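For what it's worth, this note's numbering labels the leading residue of the sequence shown as 30, then goes sequentially.
Single-structure report; data block below.
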Amino acid sequence: MEKSTQWNQETSIGPISWVAMLLCIALFIYEHFWGNGFTTMVVMLYSSFLLPSVLLTRRVQEKYFIYTLEYISAFRKFTIVMTVIFLCVWLVATYTPLIH
C-alpha cells in the first residue's frame, strides 16, 4: 500500500503533545478547585478532542487505518483545531469575569 505524503506527521508523541497533556491535567486540577459548570464542560471537551489529536500518530494510522490514511489525517487535523478552539474558549470564559 502506498503511503500518504499529504502531511508528514510524527511517528511518536512529540514534546508539544506532552505539553498539551500536562496542560489538560492542570486544567482539570484548576477546574476542580476554582471552576464553574461552563468552564468544566469546556475542559471536558478540550480533553475529548485532545486524545485523538495526540494519540493518532503516523505509526498508529499506518498500523490500524491503512486503507483510510487520508481520512484519519483529516480527522486528526480537525481534532487539533477543535482542541485549540476549546482552549481559547476556556481562556476567554475563565478570565473575562475577572476583568469586569
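Using N, Cα and C, we set each Cβ at its ideal position, and we do this for glycine too.
Keep in mind it's a predicted model, so treat the numbers as computed, not measured.
From the options, residue whose alpha carbon lies closest to that of residue i
| i | options | result |
| --- | --- | --- |
| Tyr75 | Pro126, Gln90 and Ala55 | Ala55 |
Outcome for residue i when other beta-carbon atoms lying within 10 angstroms are tallied against a minimum of 16
| i | result |
| --- | --- |
| Gly66 | exposed |
Contact check, residue i vs residue j, beta carbons under 7 Å
| i | j | result |
| --- | --- | --- |
| Ile101 | Phe107 | no |
| Cys117 | Leu79 | no |
| Ile109 | Ser77 | no |
Terminal residues of the alpha helix (DSSP H) in which residue i lies
| i | result |
| --- | --- |
| Ile58 | Pro44 to Trp63 |
| Ser76 | Gly66 to Leu84 |
Rounded C-alpha distance that separates residue i from residue j
| i | j | result |
| --- | --- | --- |
| Leu120 | Phe104 | 24 Å |
| Glu99 | Tyr59 | 37 Å |
| Leu71 | Thr112 | Just to set this straight, residue 71 is Val in the shown sequence, not Leu. For Val71 and Thr112, the distance between alpha carbons rounds to 10 Å. |
| Leu84 | Val48 | 13 Å |
| Thr69 | Ile42 | 26 Å |
| Tyr124 | Arg87 | 36 Å |
| Gly64 | Ser46 | 24 Å |
| Tyr96 | Ile114 | 29 Å |
| Ala122 | His61 | 16 Å |
| Lys92 | Met50 | 23 Å |
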